[in-house]
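Residues in the sequence shown are numbered consecutively from 0, following numbering that gives the first Met the number 0.
Backbone N, C-alpha and C fix where the C-beta goes; we use that ideal spot for every residue, glycine too.
Given the structure is predicted, the values throughout are model-derived calculations rather than measurements.
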Amino acid sequence: MPPPPLSRRAVLAGLGAALLTGCGPRVLPEGPPLPGAVDATGTATPAAPSPSPRPDVTVPAADGPVTVPGGAVRVVALDTAELDSAMTLGITPVGAAKAPLDRTLPSYWPASRLAAVTVVGDVGAAPDTAAITALRPQLILTNLARDAAHTAALRAIAPTVATGTTGAPWKENFHLHAAALDRREQAAAVVAAYGHHVDQARNALSSSGTAGQRISLVRFVEGSPAVRLYARQNFPGSVLADLGLPRPDPQNADRFDVETAPDQLAAADGDLLLYAGYGDPDRNGLNAALASPAWRALGAVRGHRAFPVDDQLWFQGIGYTGAHFLIAELLHLLGAS
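Below is the structure:
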């Protein structure tokens, strides 16, 4: 029988405490693991902004140096990685862009924090300059993969720091975001906590005998006729690599993904198969695939080792908090938590 689903509230209930107290990630915090003070339950709280003005900071953005106000707290994040970086560093953006086919911002964040964020349009779309200007941002975070054509319009509103791309280089991008947010010390604490969690997870995988399980990542995307098998050069693939978990041979490639036809799914098989859909499940092919002979023939499906996962977390939760939740959910599904 498959393990019961792990609710996001259950994950949130103890992850920060585990990271901060050195216990294993078995109780998974009422908020994500953030630098700052620790309350009586071991839960981290966001670091408060400095009460005194801080000097401007010049950071090496992908398209050249950008000078931003030191200690900026009025931030607009125009992609999910930028949102994760700001939130993880204790800053709830005043505005953010959502994925075009999603109705909301990523739901692995507490609703109480997301309620304070104004949605300013869709990721990659021409920016709603009036909506962004109304938020009086001190800093805009984005990447050139989404907004190369929009940086001039954005910089007319506020200093705009862009990474070159998103996804696979999420750790390097986080350091640029932290520099722009003037929170390098907090960033160091976040990186150290992640390393600790990875070490704990590797030990749990080894102790449970699941360290050799080949993990398959499958995504159904509305607008794409092919099924995407995620390889190594992407966010979830990099987290699996950190954990030392192998991949099925077709996905064990130094590229973003491998595409396959919906009726040719053999390459999607693995010891554990994790799948998600972006967009409407009737239009992205997910519902049709789950009812197909090609899907039912997969060993992972026949062995009850195929599980749906949250697209907003596994494929959009690009950052350290997203990675913490991903690891916790993966250990649960493998029976190693």
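Review point. Any idea which residues DSSP pairs L216 with across the strands?
Key: As computed with DSSP, L216 is found in a beta bridge with L273.
Point to revise | Reduced DSSP secondary structure (H/G/I, E/B, other) of P292 | key: helix
Check your understanding: Per the contact definition of three or more C-beta pairs closer than 8 Å, is the segment 207-221 in contact with the segment 261-276?
Key -> yes
Practice item. Check each candidate in W294, P68, T259 and name the one with the smallest Cα separation from A178. Key: Comparing alpha carbon positions, the residue from W294, P68, T259 closest to A178 is P68.
**Study point:** Residue range of the unbroken beta strand (DSSP E) whose run includes R53
**Key:** Run containing R53: 53-60, per the beta strand (DSSP E) assignment.
Practice item. Determine the DSSP secondary structure at V65, reduced to helix, strand or coil. Key: strand
**Study point:** Three-state secondary structure (DSSP) of G236
**Key:** Helix, per DSSP.
Point to revise | Cα-Cα separation between H195 and T150, rounded to whole angstroms | key: 37 Å
Exercise for review: Assign R227 to one of three DSSP states: helix, strand, or coil.
Suggested key: strand
Practice item. Check the DSSP bridge columns for F306 and list the partner residues they point to. Key: L273
Point to revise | Identified DSSP bridge partners for V74 | key: As DSSP reads the structure, V74 sits in a beta bridge with L138.
Check your understanding: Helix, strand or coil: how does DSSP classify E221 here?
Key -> coil
Check your understanding: On the three-pair Cβ rule with 8 Å, is the segment 141-149 touching the segment 74-86?
Key -> yes
Review point. Quick one, are the C-beta atoms of G318 and T132 less than 8 Å apart?
Key: No, they are not a contact pair.
Review point. CA-CA distance, D62 and L180?
Key: Whole-angstrom Cα-Cα distance: 18 Å.
Check your understanding: Which parts of the segment 115-160 are runs of the beta strand (DSSP E), unbroken and 3 residues or longer, counting only runs that do not cross its ends?
Key -> 117-121, 138-142
Practice item. Using only alpha-carbon positions, find the residue among A129, F173, I156 that is nearest to G316. Key: F173
Review point. Ends of the beta strand (DSSP E) at V257?
Key: 256-259
**Study point:** Secondary structure of G163, DSSP reduced to three states
**Key:** coil
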